[in-house]
Amino acid sequence: MIQLLSADGKLASDAASAEYIPYIEALSDDQLRQFHRDMVITRRFDLEATNLQRQGQLALWPPSQGQEAAQVGSARASRQQDHIFPSYREHSIAMIRGLDIIEVVRVMRGVSNGGWDPATNNNFHLYTLVLGSQALHATGYAMGVSLDGATATGDPDRDEAVMVYFGDGATSQGDVSEALVFAASFQAPTLFFLQNNQWAISVPVSVQSRVPLYLRAGGFGVPGIQIDGNDVLASYAVTRRYLDEARSGGGPRMIEAMTYRMGAHTTSDDPTKYRHDKDVDEWALKDPIIRYEKYLRGRGESDAFFTETAQEAEDFAADMRARTLELGPPSPDDFFDTVYTEQHPVTAAQKIWLAEYEASFGSES
Amino acid sequence: MIQLLSADGKLASDAASAEYIPYIEALSDDQLRQFHRDMVITRRFDLEATNLQRQGQLALWPPSQGQEAAQVGSARASRQQDHIFPSYREHSIAMIRGLDIIEVVRVMRGVSNGGWDPATNNNFHLYTLVLGSQALHATGYAMGVSLDGATATGDPDRDEAVMVYFGDGATSQGDVSEALVFAASFQAPTLFFLQNNQWAISVPVSVQSRVPLYLRAGGFGVPGIQIDGNDVLASYAVTRRYLDEARSGGGPRMIEAMTYRMGAHTTSDDPTKYRHDKDVDEWALKDPIIRYEKYLRGRGESDAFFTETAQEAEDFAADMRARTLELGPPSPDDFFDTVYTEQHPVTAAQKIWLAEYEASFGSES
Amino acid sequence: MTTEELPLVKALNAGLRKALADDPKVLLMGEDIGPLGGVFRVTEGLQAEFGVKRVFDTPLAESGIVGTAIGLAMRGYRPVCEIQFDGFIFPAFDQITTQLAKMTARHEGKVPMPVVIRVPYGGHIGAVEHHQESPEAYFAHTAGLRLVSPSTPNDAYWMIQEAIASQDPVMFFEPKSRYWHKGPVDFSSSPSPLHSSRVVREGTEVTVVGHGAMINVLLQAAELAAAEGTSLEVIDLRSLSPIDYEPIIASVQKTGRLVVASEAPGFVSISSEIAATVTERAFYSLESPVLRVTGFDTPFPPAKLETSYLPDADRILEAVDRALAY
Amino acid sequence: MTTEELPLVKALNAGLRKALADDPKVLLMGEDIGPLGGVFRVTEGLQAEFGVKRVFDTPLAESGIVGTAIGLAMRGYRPVCEIQFDGFIFPAFDQITTQLAKMTARHEGKVPMPVVIRVPYGGHIGAVEHHQESPEAYFAHTAGLRLVSPSTPNDAYWMIQEAIASQDPVMFFEPKSRYWHKGPVDFSSSPSPLHSSRVVREGTEVTVVGHGAMINVLLQAAELAAAEGTSLEVIDLRSLSPIDYEPIIASVQKTGRLVVASEAPGFVSISSEIAATVTERAFYSLESPVLRVTGFDTPFPPAKLETSYLPDADRILEAVDRALAY
Ligand SMILES: Cc1ncc(C[n+]2csc(CCOP(=O)(O)OP(=O)(O)O)c2C)c(N)n1
Ligand SMILES: Cc1ncc(C[n+]2csc(CCOP(=O)(O)OP(=O)(O)O)c2C)c(N)n1
Ligand SMILES: [Mg+2]
Ligand SMILES: [Mg+2]
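Chains as they are written, first to last, in the numbering used here: chain A, 412 to 776; chain B, 412 to 776; chain C, 24 to 349; chain D, 24 to 349.
So, in structure tokens, the structure goes:
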């Protein structure tokens, strides 16, 4: 398991990890600070969203607490031209790729089943709820990148790669295995980023596999590696390298980030039914934000920075809350109009019917 | 790759193979002769069936020529109480498990979509045409074996195991991967027997995987091994061991048998469109029957035995032909009656309707 | 006590408990059905009571769940699979249609397939994509399957047991928006046959039929109509494949008008089937065409649009009025 | 030359060739479509002509084929996927229904999904299990998809190109028993709209509609009926979703009687849909109920039973007689 940051926030340097240290050394102070900022803001708005759900403002919220390092490190390792296919818990990645987080809120509020255009949102694709489906979309997209000659030209600032996120539970779905088959067969520039947060709702990862999941990749001819997913530097460095290997023609790769879902599966879930506080407490000791804060403080980061960041997070959350409350309902007309791209007689007729039907009440009342 | 028989029919003894030699030494002369008999009879009736198809007597025939060693060795390694889930090319296995081969002919003639009861045919299950589906059925069956406590009691003559056959192409199907997940999760006594005959119709195995397929298993936590599939002794010995390991509580296993489909994919196929005679000629040199005949002759087997076996094969084929020609058409009534186990108003009514409708012509003409 | 007020979810739980207790071959399997008791708590407490061999969590793969259930049924078990939500049944579609549904015919009747697939389905719960769908039509079109859907706790309790006792595969559709609604469960009553429909309110002018959560909507509509002087006869299909047509035909012979309601999209649907068949069998009785009130022919919309999308009592009454206008 | 006699399979091949030549974003993908040219030879010669990047064999996994096609479409390609046989489309069912069909709506219209899925379908070829099915209804019930099926070489040539040009996903059902039948292909004619149905034989007494290989059967039936003095109007649906109802309604207003024929099982089918909708829209014109002639509600039987299972001209005429008897 690649770990660059020890529990007490020191840069580790065991043999396997050493080769990743240069990736960290190449980072500016601003970049290093940004990792912290990303994680703190994410945790704060994640909490805000959870509260909004409790207050009946959202249909659902899948919290990402505990997984910030895996997500932030990997997202920051992606290049502008890369394409990201998330699952449904990658809120910090959405933010880092520049998606307005309100778009995610719209989905979780039940206003949209998606809604944003990846092309105008730095190639951050829609959330996907049918587990594992997006692994095939990402792989097909990466096949298209290859067909376009937009990879393996030797210019890492231009060559494109595709990263797809999924969970430990999703690895059992046939689609994820088929994606590995296709990616390997076409040597597509796909990086499979698996967040092993130890649980698929109430089912522990041991039900999905009795051997570490990163080994899954090797059987398909895809190099795989396990990292400490609560170590933002490991997540950054290994993803940076694996994405660059994929973009430069090395074929697909898999990263298994070992992390932990600190909260409930979603706001609908009650984890006390299936797991012990003790386990959660143990993982709390590995909190990615605390660990990274130690590292930054060790490098001399000032109190002021941490205070400012906390305030930034508050502001972000407050803004998100305010804009959530302003979200209006979707329009049935728009929905009918977007089922097909081209004109369709059935949806067109039903749109008119519904509008007239609903109007008939309006005039009555 | 485990190989016990060299190209010139001598018992090999490299380090990896040596541990399997005792399995061969434990075989009686009769058992050794039986392997030859099985392979020769299979090849003969396989040819007969191909001819019957050409003469319009069968809808289709998927020939097994070239794969006799993989099939015969593994089938002879199974124990009476084991359960076999074939794909659609395992004709010798059907025969060895005691299924009347005319049952397979009925399927390929279009008289039945299956038809036999595995429970009264030594646990030889139906052919399955949707690639990979049977891997899950076999795994579920094996889970049932475990639930029954019919495995891992320590008595190999009673403990049950399940063997499932599939091809190199089928490995790409999500269902095969899911079967590995379930078998590993439940530590079911399933042996995955993969016949890598190098082709999925016209698609070479390299499109399915760039690494040897037996490695696939390891990624799921299932021990896998590659054998020379044209070596009946390797197929026997490794299957014997792996089945016994599975039945004794060792969990699932996978064997990849490297072999070659010498004929067309099915009688509908034209392999000249996609492969070179040269390759086929090369594999002809590794013919499993010729190689094994050398071995038997080396052990002093008489000409008479080979002549007798050839005659036996002729008789078998002639009998199969005769009985094929006698096969009558199926009855629509029986078909309607067997869609459901319990009474069903729709099929009951349609059965009556069709009978009356067809009778109306009878009375007219 | 032989009758108790229970929410539908607890009636199902009681029915499953009874089936597990009565027959050691009954197994429950699925995602999160063990310690969690299922995301809807249908299996709550059953793993603790019957052990991990009888009630178990599977790896997260629906094709794997149904495919291994087929193998377990071949071995003599009676697996009851839970699919977590309607929209997640599709990864299992191949195993259900090409394998489970055909397995008995493929064996020329020699191997029964007593597999139950439980599917919480339907809208009205304000949930995100894939969590509110009504996929019954796909399975109804598939010969070899039986489909049922209870609308009351009493039916839930009895029908789940009858489904498990069936030698054929049964798709068991649970109207999830009704899970928390209470109704009397009569533990002593002998059940109606699994595949019978039932007149749940008598009336004379228009027949309205539906199933699952729609029955409650139809009963509301019938109340409203009665208040305005129109008499509706409400029929609960209970079984979606086969459909028990006799009570519907008898009703239509009396009323001359039929409205079929369903949450599912109407195009190529069970509603279409009922319209076609009733018209064929009661042609001379119909004074208006059979009208369908269904979900629109779109994907299930975002939750905030569900009240526009799903038929409510008003939409039923709009159709009733149209039928009466013929 | 602008018109040529071609078997349907070669007309498709020509249509695909044209599409590949016209638009560099068009890709063909599937099992055995490369060097082999597909098991039916629909793609014969196309890999040699356009190269392995435009026409390629995939690993053997239908979910993978459709799932990666979705990704390719997101990237701006127009993938045309071949499913080898009707019965092998089900492993892809989840990607088709929960992903492909919903993708544009999920993006609120911002991302088109120009994916074509070619499915050789139907019986009459005496093949083993899973090779003779008619699964159209499953896809017709799925909003977000368009479904078409040509019955002639000319339609095959033009409709495949129109399907590929569509910005929406199109399920393209190829009547495989017609692959080797010749007909004129007019390379210069401007095509009918993709989703239009067509009167292929005019008549006055009973309207009969169908699609794909059934059209030939209906025309045979019309000949036989004409010989006995009954005049049938034959309509080729061509499009199964949406259905172009106007020509059918117009015809029924003339004839007063409708028979709908299909190889697929009739329960919850496209035939049910047509019966229900035509009855609703032409209630007062109908002198008899719409009658359906379909495959039986069983799995597709062993090949030796297919002639009993599949509707032939006699079964059409039996229904015509019943319709006339009202
Ligand atoms: C195909 C499918 N089946 C079931 C579900 C219901 N479900 C939603 S999340 C989840 C657990 C997922 O676990 P994992 O993949 O580890 O991701 P995590 O939630 O831990 O991030 C389940 C079973 C689903 N969304 N899709
Ligand atoms: C799900 C599915 N897709 C496609 C097919 C059509 N098909 C039949 S056999 C075959 C190739 C199978 O190759 P392999 O698994 O290597 O087995 P082999 O025929 O070589 O024994 C294909 C594509 C099928 N039977 N099932
Ligand atoms: Mg997880
Ligand atoms: Mg093969």
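All residues carry an ideal CB built from backbone N, CA and C; glycine is no exception.
Within 9 angstroms, strictly: CB atoms of residue i and residue j
i: A:VAL633; j: D:PRO82; result: no
i: C:PRO30; j: C:TRP203; result: yes
i: B:ILE612; j: B:HIS687; result: no
i: C:LEU281; j: C:ALA346; result: yes
Contact test: residue i Cβ vs ligand 4 heavy atom, cutoff 8 angstroms
i: B:GLY674; result: no
i: D:VAL62; result: no
i: B:TRP764; result: no
Own chain partners of residue i with C-beta closer than 6 angstroms, once the 5 adjacent residues on each side are dropped
i: C:PHE116; result: none
i: C:ARG129; result: none
i: A:SER771; result: none
i: C:LEU168; result: ALA124, PHE162, PRO192, MET194
Any non-hydrogen atom of ligand 2 closer than 8 angstroms to residue i Cβ
i: C:HIS153; result: no
i: B:ASP368; result: Outside the displayed span of chain B (412 to 776) sits residue 368 of chain B, for which this structure offers no information.
i: D:GLU54; result: yes
Closer than 8 angstroms: residue i CB and nearest ligand 3 heavy atom
i: C:ALA84; result: no
i: A:PRO532; result: Before going further, note that residue 532 of chain A is Asn rather than Pro in the sequence given. No - ligand 3 has no heavy atom lying nearer than 8 angstroms to the Cβ of A:ASN532.
i: A:ASP579; result: yes
i: A:ALA611; result: yes
i: A:ASN608; result: yes
i: A:VAL691; result: no
i: A:VAL616; result: yes
Cβ shell of residue i (< 8 angstroms), same chain only, five flanking positions each side left out
i: A:SER776; result: Residue confidence for A:SER776 is low, a pLDDT of 46 falling below 50, so the modelled location carries little weight and cannot support an answer.
i: B:PRO529; result: HIS494, PHE535, HIS536, LEU537
i: A:ALA563; result: SER557, ASP570, PRO600, ARG658, SER659, GLY660
i: B:ALA759; result: PHE747
i: D:SER295; result: GLY289, ARG315
Sequence-distant residues of the same chain with beta carbon closer than 7 angstroms to residue i, five excluded per side
i: A:ARG517; result: SER523, GLY526, LEU738
i: C:THR25; result: ASP209, PHE210, SER211
i: D:PHE108; result: PRO143, HIS153, HIS154
Ligand 1 heavy atom lying under 8 angstroms from the CB of residue i
i: A:GLU667; result: no
i: C:ASP117; result: no
i: A:GLN584; result: yes
Chain-ordered neighbours of residue i on chain F, where CB pairs are closer than 7 angstroms
i: C:ARG129; result: Reference to chain F is not applicable here, since the protein chains of this structure are A, B, C and D.
Touching by the beta-carbon criterion (3+ pairs, under 8 angstroms), the region 445-459 of chain B and the region 572-582 of chain B: no
Contact between the region 663-682 of chain A and the region 476-494 of chain A (3+ Cβ pairs under 8 angstroms): yes
Check whether the region 616-629 of chain B and the region 447-462 of chain B touch, using three or more Cβ-Cβ pairs below 8 angstroms as the test. no
Determine, using beta-carbon pairs with one atom in the region 596-605 of chain A and one in the region 655-669 of chain A, whether at least three such pairs fall under 8 angstroms. yes
Between the region 140-156 of chain D and the region 529-547 of chain B, can you find at least three pairs of beta-carbon atoms closer than 8 angstroms? yes
When you compare the region 280-294 of chain C with the region 311-328 of chain C, are there three or more beta-carbon pairs, one atom per stretch, that lie closer than 8 angstroms? yes
Would you check if the region 576-590 of chain A and the region 546-560 of chain A touch, i.e. whether three or more CB-CB distances between them fall below 8 angstroms? yes
So does the region 227-245 of chain C actually touch the region 169-179 of chain C, counting three or more Cβ pairs closer than 8 angstroms? yes
At a cut of 8 angstroms, does the region 649-657 of chain A reach the region 481-490 of chain A through at least three beta carbon pairs? yes
Counting pairs of beta carbons, one from the region 321-337 of chain C and one from the region 262-269 of chain C, are three or more of them closer than 8 angstroms? no
Counting beta carbon pairs with one atom in the region 47-60 of chain D and one in the region 86-95 of chain D, are three or more of them shorter than 8 angstroms? yes
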